[in-house]
Structures are given as structure tokens and as C-alpha cells.
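Peer 1: Sending over a structure as C-alpha cells; questions will come in a sec.
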Amino acid sequence: MNKSELINEIAKNLNSKKEAEAALDSLLATLTQGLKKGEKITLTGFGTFKVSKRKARTGRNPQTGEKIKIKARKVPQFTSGKALKKAIE
25 MNKSELINEI AKNLNSKKEA EAALDSLLAT LTQGLKKGEK ITLTGFGTFK VSKRKARTGR
85 NPQTGEKIKI KARKVPQFTS GKALKKAIE
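Each residue of the sequence shown is one higher than the one before, counting from 25 in my numbering.
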């Protein structure tokens, strides 16, 4: 399911595609801002979004075999909740 299909599904409950798009955009913007601040966001029953840190490491260019340095960075991480896990079994 892509974003427009998700908006169409939400619109079935809200009776307005415009409201559904605004709601989804608002949710995504709020999640992004929270993660940007380093906050952990928990939606009970659904899951937890958080930022994890990857250490700097040495990698290898697959085309040349040359060793390269990969910088440390922050990455988003999602852990599903119990209810979501049960729902998809």
C-alpha cells in the first residue's frame, strides 16, 4: 500500500479525502519532528519509533574491493507492538 492508497482508506472513515490527507501529513510531520529531537514515540498496541546510532565502521566498495570509511550516523528504527504482531499472525 502506498501513501495515496492509505489516504483513500482513511478517507472512507473520515468521508473526505482532503481531511484524510491532512491527517496523515500531520501524523508523519509530528513523528518526524519528534524523532528529529531524539524522542522515543510509542503508540500503544502499534509500536515504537526511535532513533538509534550506528557507529563508524570500515566497509568495502563491491566494485573495486577498496576499503572505505563509513561515518557514524543516526537511523530511524521501528519496533512493532504486541497487538500489531498478533493482528498479522
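Backbone N, C-alpha and C fix where the C-beta goes; we use that ideal spot for every residue, glycine too.
Ends of the alpha helix (DSSP H) at residue 64?
Peer 2: Counted from its first residue, the sequence shown places residue 64 at position 40. That residue, residue 64, is in no alpha helix (DSSP H); it is neither H nor E in DSSP.
Peer 1: Less than 6 Å between C-beta atoms, sequence neighbours within five positions excluded: which residues of the same chain meet that for residue 41?
Peer 2: To locate residue 41, count along the sequence shown from 1; it is residue 17. Cβ within range, chain order: 35.
Peer 1: I'd like to know if the stretch 101 to 108 and the stretch 63 to 81 are in contact, where contact means that at least 3 CB-CB pairs between them fall below 8 Å.
Peer 2: Flag = yes, the stretch 101 to 108 and the stretch 63 to 81 touch.
Peer 1: Name the two residues that bound the continuous beta strand (DSSP E) containing residue 98.
Peer 2: For the purposes of this step, residue 98 is identified with residue 74 of the sequence shown, where counting begins at 1. 97 to 104 is the extent of the beta strand (DSSP E) around residue 98.
Peer 1: By alpha-carbon positions, which one of 91, 37, 49 ends up nearest to residue 27?
Peer 2: Position 3 of the sequence shown holds residue 27. Comparing Cα-Cα distances from residue 27 to each of 91, 37, 49, the minimum goes to 49.
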